[in-house]
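Working notes, beginning with the structure itself.
Residue numbers (our numbering): 1 to 158.
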């Protein structure tokens, strides 16, 4: 196990969601910004964008909540096992060491606990990636919604 392996695993999981990508080109490059010009979009195009972005946002909100629940369950299991292990190791020792020392010793001596810690790191990575992706779709959805509101307001003024 390595952090790079964890990153690769999370990348694969994100790819398996089959979400439409949000590709934003480097603003300093000569390439075009690939998001549509919302101010020039027709009502039909805006409606389609709201449906796509809103649907993706909703789907990702469920994924984020699910991943947070899994992450919290892993953390609770890890913490409980760690505290039990620290109690057992400290109880049988006359050493006066820091909490960090005992934590490291318990994890080093307990392969399942070490694996659980790795799973917690992976769960955190996946949660944060899902949260970022969800926030991207949320921003896109809100942008399109603002344009729709402005267009409706302009129609009311004219």
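Note that beta-carbon positions come from the ideal geometry of N, C-alpha and C, so glycine has one too.
On a predicted model such as this, the values are computed, not experimentally measured, just so you know.
When the beta-carbon positions are compared, residue 141 and residue 57 come within less than 8 Å of each other. Residue range 43-91 is occupied by the alpha helix (DSSP H) that includes residue 68. Residue 104 sits exposed, since fewer than 16 C-beta atoms from the chains shown fall within 10 Å of its C-beta. Shortest Cα-Cα distance from residue 146 to any of 38, 113, 12 and 66 involves 38. Taking a cut-off of 8 Å for Cβ pairs, the region 148-155 and the region 114-130 do not touch, as fewer than three such pairs fall below it. Counting along the chain, the unbroken alpha helix (DSSP H) around residue 109 starts and ends at 99-109.
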